[in-house]
Each structure stands twice: as C-alpha cells, then as structure tokens.
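First comes the structure, then the notes that go with it.
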Amino acid sequence: MKTFKLGGVHPPENKLSQNAAIKVLPVPETVTIPISQHLGVPAKPVVAKGDKVKAGQLIAKGEAFISANVHSSVSGTVQKIDEVTETSGYRKKAIIIKVEGDEWEEGIDLSTDLIKSITLSPQEIVNRVNEKGIVGMGGATFPSHVKLMVPQGKKAEFLIINGVECEPYLTSDHRLMLEKTEEMLVGIQIQMKALGVDKAIIGIENNKPDAIEHVGEFLSDYPGITVEPLKVKYPQGGEKQLIKALLNREVPSGKLPIEVGCVVHNVGTSLAVYEAVQKNKPLLERVVTVTGLNVKEPSNFMVRIGTPVANLIEAAGGLPENTGKIVNGGPMMGKALNDINAPVTKGTSGILLFPEKEAHRRPVHNCIRCGRCANICPMGLEPYLLAVLAANKKFEDCEYEKIMDCIECGSCLYICPSGRPLLDQIRIGKNETGKLIRARHK
Amino acid sequence: MNLLTVSGSPHVYTEESVSKIMYGVVLSLIPAALVSFYFFGLAAILVTLTAVVSCMFFEFIIQKYLIKGPITIFDGSAIITGVLLAFIVPASLPLWMVVIGSLVSIGMAKMTFGGLGKNIFNPALVGRVFLMISFPVEMNMYPKPTAFSTQLTDIVTGPTPLAVMKEGVAQGEKVSDIIPEIPEYVNLLMGNMGGSVGEISAIAILLGGIYMLIKKYITWEIPTAYLGSVFVLAGALWLIDPEYYVDPLFHMVTGGLMLGAIYMATDMVTSPMSRWGMIVYGIGCGFLTLVIRIFGAYPEGVAFAILIMNAFVPLINRGFKPKRFGEEVKNG
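Chain order of the listed sequences is A and B. Residue 83 in my numbering sits at position 83 of the first sequence, with consecutive numbering throughout. In short: position in the second sequence from 1, add 1000, done, that's my numbering.
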C-alpha cells in the first residue's frame, strides 16, 4: 500500500466519532460570521446594522483576487458589525445576525435530489465557485476558485481529492464520504471539468475501510475517478505528502502542486462545489466533528457557519467538567480556543476537548540530540537546528536551512522526548525569515 | 469553570521522554552485565556499583553546589555513564581509580559543557582515556575470567587477546602460531576472555543492541558502518598477508569493538544527526580503530577512534544534511 516516504509519525488515532452519522444541528439564536474566514484579503461587508437578511444572501464581498465572498447562514436582522475573537484566536471583524425564522434566498435548491448532469462551462464553474464563497475546507481555507484556474503555461494532469483525514480524532471527512458520496463524486466531476483533466484520484487512509469500499461502489458511474487506499501516516493529508504518496511526484521547494501537474482539493470542498454549482447554494454550513476522550457523545454535526462552539459542545453531551483545553481542528494542527463562544467558520473541521491534565505542554529538558525530529520531519528539515537558529535570530541561516519549507505539521514537537517547543520557535523563525525575504524583493 | 489553556499546536505528545529512553538503554545493558558478573564475579559488580554511585554523586554535587541548578541525577543519563565507564575498565581496577574516572567523566566531559545533551565527547570514554593515561599499569592488567569468583585480591591477570596478538606480531611471530595462545572463537563470542568488565561478550552486547534497535534508541547506520568498515578493512589486510594480519572475525569479537560500535559510537548526544552523516562517522570510527589496533602504540583503538570522530561531529552535521523534500525533482 502506498504512503509518502520521508518522515512521518503515528499519533494515536482515537477516531471516536467515526460511526456517528451526521446530525443537523438546530439553527442557533444568533450567529457571528467573520468577514475573513479564508486566506487572503478580508471580504468587505455589504450589509449594515438593522438590515434584514435571508439565508444564502451575500453579506460581505471578496473584492481581491485571493479573497472569498461571505454569505449569511441564517435569516434574521443584522445586530451589529463588530470585532470578535474568532476561532483562530485573533480579533476579527464579524457580522452578528439575530436569527428570525429560516427563510432562504430565492434560487437556492434545497431539495436532496441528486443532479448529475453538469451544464455549466469551465469558466462558469469557476465564477460560480467564486461567487458562492467556496474555500478549502480541510482547514487551510484557501479560496477554491483560484485553485480551479490553471496558471498560464502550466497544465493540470490530475485532480487529487484529499480524503486522507490524517489528523487524529477528526471524522467529518470520513462521514461525508459515507453519507454524501454521490454529491461529492459529482463535485469532483465538476472540478475535473473546470480544470480540463480526465483523471481524479481520491486518497483515503486505510483506517477508513468502509469509506474506501463505499466510494468504490459508485465509481463505475463516474469515469476517470479512482480511489487509492493509503497506509496510515501523519501528515499524509499535507498536499505535498499526498501527491508524493499517490503519484511519487515531488513538488519542488517553494512551488505549488501545479508544478507537477496536480491540483489538490478536499472532499468537503468537493461537496461545497457540488452544492454551489448544481444547487446554487453558497458555502454556509459544514460538517464539524465534536470529540474528545471525555466527551459524552462524540458526534458529527452539520452546522451553520457562525454557530457558537458552545452550542456544538452542548449537543455532544455538554462540556465535561474537567475540560482544560478546547481545540479548533485536530490535535496536531488545530488552534486552542480562548473563548467557548467563538463561532464555527468555513475552516472548522472539528472541536476537540482535552481534560485539564492533558491540556498542558510537557516540562522542557535539554536537547539530547537524539535526531528524532530530523528523522520524522516530512519535509526533510532539521527542526532542532531551525529552532536554535530562530531563537538566536539567525534568520539568514534559517533561510539557507529551508525554514520556509516547513508545513507546520507539528510532528517535531509531538515526537521530541525533551518536550522542546520546536515548532513554536520555527513559527517565529518563519515569520521573521519571511519578512527578510519580502524586504529583499522590494 | 476553569480558564482554558491556550498553546500552539500540536496538542498531543509522544509517551517517550528523556528518562524513559535512558532507563531503556540501562535495561538493554543487563545481558552484558550478567555475563561480566558471571566471568569476573564480585569484582565486576563492585566496579559497576562504584562507577554508577559516584557518577550520580558527582553530578549531584556539581549541580547543587557549583551550578546551583536543577538536580537531574535520576534522569538515567548519569547511570548510563557510570555503567559504561565500568564496562570499559578492568574488573581488577582499584575502586578509588574508578571514582576518579567517574569524576572525570561527569565533571570534565559532561557538566563542564553544560550537562546532558551539551557535551561534545562521550563522557565514559573520556573517563577511560584519562584512566588509561594516568594509570597505565592498572589499566593494562586484565583479570582472567573465572566463573562466579568472589575473589577481590590477588586476582590472576593477563593481557587481552588483542594485546597477545599485537605483541606476538611485533616480535615477528606468525599469526597462525599466536592463535593457539588465545581462547577459541566460540569463547571470544560468549565473552570467556580477558578484557574490560562489560566488553567481553559480543553476543550479550548484540542482544542489547537489538533491543535498542527495536525500541528505536539507536538506528542501524552507525553500528553497521562501524562494524562493516572494520570487517572490510581487516578482511582486505588479511587477504594480503594472513600470516601478518589476523582474520577479520578476530577483530570483530575481541576488545571493545562491539560495545563501542553499539553503545559508545551511537551515543545520541555525540553522534551525527543525518543518515549519511552517521554512515560517514561510523566508517571513520572503524577506520581509525583498525589503524590504531594495527599500526598504533595501543593494542585497542576503539576509545580513541570514537573520541576523535566525536570531534568531527559538528563538521559532519554541517556537511551531511538530510535529504530535503522537493530538493531534487523526481517525477515518475
């Protein structure tokens, strides 16, 4: 079975919620919708305090090339536009809407009928994806329409669909592949049409045999799409690692997947593309896993964007008493929340609860130069060295040692027997080295 | 409700820790210790205990009164240094010399540099070399193995097989004439020969090495490169003149080679990080060991070879980087 070659770790999988079918979470009383839920320029609000909005209505417009539209996920009245602490931990501008009923914009098809025939042209698909605010739903939230446009002089050969879900605990992509299979497959066909490719590969780790089998059963109706089971290894869901595992192609340092003829999209994004193109539905809800070893009912919910995290935790059996840390995302790359009322955004794949005694870092000891971090780094870097260079502000050396190649997967900090804050120091180093490089280009 | 903890990702960590690794290595040394206790008896037990206790004692004193920092004597690293130092000195060595060796190992080779992880040279080897130069007579008298000996004085001592061989060849004898003077190879493999406390049994050391490999405390590169290069180089010389150069198997099972290749050269603190760096370092160790054994003044070269290569580690780390992802584009 295939996997990527360089490095990788095996944290305990703990997929507690893998058998919990997706449940629709009731619409909350108010939603908080940040205007920047994507990578790139924040969208600009086009509604004002007191405006009545419907579900699916555009409330903030992405005006730059790398930006994304934001739509209301509910119907109601705009209460205020204010700065809130978002799931990323930063203060960001958000539109707060008081929910009244559940009225939808006209032209959105809310039926569950599967529409297979794709009538839109490639350019129309890209425009629609842009218009409906679709972003990468694996967590990186890069605007999807940008990735569906092949740059001049490049050629896309393969569409890679990321169904790896290599983060421990998370199961939202897994459930989606089981429950929204055909919608996802049509979504993949739409993306293939937009890119002009005739081959798509869905990579799924073999800890999800039911998903591999279930998706496989439909493939005869969807020519050009194949499923490839992959050996479990973190971070296989990293796009460079996934391409290496599936096609044995290596994206050159500092380049994008298109350099080796690939475009990578997540399974959740494929569903969103389907709904945008076939149903005219903007990205206003997503599947979120709520899990943790002490959570009463680890679950997968279909949630409106902007719903407070507290509502999800309540629906999963309530907040366990000894909770010490709440993470937005998986345990390896997720961000710790400082506010239980932070809203679910387009990139929220899971809410993970840790008990107090597992909420803290381990005590830090001297580096014993065991080399584990360098051995497991999936980018072939030397985290121990980068951390020391960054701590000593030697950013020129950081650049030489390829610090910008770091994908921040967290494997080094995970594996370090001395509990050293390797990734923390590398993040600071990346930030400063990036400034250095940008200053040079000016 | 309690306040939420906020920290950067990742939020899960390995079960492994420094002291778990260190105690794992101590555990893997048990077979070699048992063999040496069998052949050298009470004397070996006393030397080992003395070295361990004094290493921990000196680390405690230095951390408490000189550095005035945290006390880490139970992280297992001082225990390893103690055991390894005991393993590379003769069982008949006076205990006060063992104490001095421990002071040099911990004080000079480890704490001076900043404690665990900061030292450039393997502490146990520094201790041994210090003893070798300071007390050449005592460090060159090796007790003859006798099962379950409780004798502590008037132990019968003699040269190691390596010394016998070196002496014989130097006096113009043929290798085939010297071979009958040393124990048979089966005995050499089991450890029934004169030598330092813990280096005698190649089998027991290999057993510990396999355990460490499975537990990932060491990787295959250094031992393989080290032992392989000794075997190949010794084999080449042997093919040139088997009456002047002894066969490679002899080199493999005598002296401190096994212990050196599996426990000393692989010391994570003082060995290179990348795979190719490790291989180069291992070959360097093997080459120097053989050069010293055959052409040097000492019959055994493992300690010097590893210490010399330790000095090259920063340079090797600079020169041999791991293969970066996306460095050379291979499409296929």
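Glycine is no exception: its CB is placed at the ideal position from the N, C-alpha and C atoms.
Item	Value
PRO168(A) and GLY292(A) closer than 8 Å at C-beta	no
Any chain A beta carbon closer than 8 Å to THR1112(B)	no
In DSSP terms, what GLU83(A) is bridged to	LYS93(A)
Three-way DSSP call (helix, strand, coil) for LYS1330(B) in this model	Bear in mind that the predicted position of LYS1330(B) carries a pLDDT of just 49, short of 50, making it unreliable; the figure below should be weighed with that in mind. DSSP places LYS1330(B) in coil when its eight states are reduced to three.
Local conformation of ASN328(A) per DSSP, three classes	strand
Check whether PRO34(A) and ALA94(A) have beta carbons under 8 Å apart	yes
Own chain, CB closer than 6 Å to SER1149(B), minus 5 neighbours either side, in chain order	GLY1041
PRO1299(B) burial status per 10 Å Cβ neighbour count (16 or more: buried)	buried
Distance, ILE407(A) Cα to CYS370(A) Cα	22 Å
Distance cut-off 7 Å: TYR1217(B) Cβ against heavy atoms of the ligand SAH	Because no ligand of any kind appears in the structure shown, any question about the ligand SAH cannot be addressed here.
Cβ of VAL388(A) within 8 Å of any chain B Cβ	no
THR433(A) (DSSP reduced to helix, strand or coil)	helix
Chain A contact for VAL1253(B) (CB, 8 Å cutoff)	no
LYS357(A) to LEU1003(B) span [Cα, whole Å]	13 Å
Where ASN266(A) sits in the DSSP three-state scheme	strand
Rounded separation between ILE376(A) and CYS412(A) - CA only	7 Å
Three or more C-beta pairs below 8 Å linking the segment 39 to 56 of chain A and the segment 242 to 260 of chain A	no
Residue range of the beta strand (DSSP E) that includes PRO229(A)	225 to 230
Chain A within 8 Å of GLU1059(B), Cβ atoms only	no
Spatial neighbours of GLU275(A) in its chain, beta-carbon cut-off 6 Å, leaving aside the 5 residues before and after	LYS281
Among GLU105(A), GLU106(A) and VAL47(A), the one whose alpha carbon lies nearest that of THR77(A)	VAL47(A)
Which of helix, strand or coil DSSP assigns to HIS441(A)	helix
Partners in chain B for PRO229(A), counting only beta-carbon separations shorter than 7 Å	Simply none; closest approach about 21 Å.
Minimum C-alpha distance to LEU319(A) - residue among VAL327(A), VAL295(A), ASN338(A) and LYS240(A)	VAL295(A)
THR3(A), DSSP secondary structure in three states	coil
Three-pair Cβ contact test at 8 Å for the segment 146 to 161 of chain A versus the segment 182 to 199 of chain A	yes
6 Å Cβ shell around ASN1331(B) - same chain, five flanking residues per side excluded	The predicted model places ASN1331(B) with a pLDDT of 48, which falls under 50 and marks its position as unreliable; any figure quoted below should be read in that light. No residues qualify anywhere along the chain.
Contacts of GLY184(A) in chain B (Cβ-Cβ under 8 Å)	Note on residue identity: the sequence assigns Met, not Gly, to residue 184(A). None at all; the shortest Cβ gap to chain B is about 27 Å.
Own chain partners of ILE1182(B) with C-beta closer than 6 Å, once the 5 adjacent residues on each side are dropped	PRO1161 and VAL1164
Local conformation of VAL1313(B) per DSSP, three classes	helix
CA-to-CA distance, SER349(A) to GLY203(A), given in whole angstroms	18 Å
Spatially closest choice to LYS91(A) from THR269(A), SER270(A), ILE118(A) and ALA342(A), by CA coordinates	Position check: residue 91(A) holds Arg in this sequence, whereas Lys was assumed. If we check each option's Cα against that of ARG91(A), ALA342(A) comes out closest.
For PHE301(A), the residue or residues it bridges with in DSSP	LYS23(A) and VAL288(A)
Alpha carbon of LEU1084(B) to alpha carbon of MET1111(B), nearest angstrom	17 Å
Three-state secondary structure (DSSP) of PHE1325(B)	coil
When ALA1051(B), TYR1065(B), GLY1209(B) and ILE1200(B) are compared against ILE1100(B), the one with the closest alpha-carbon	ALA1051(B)
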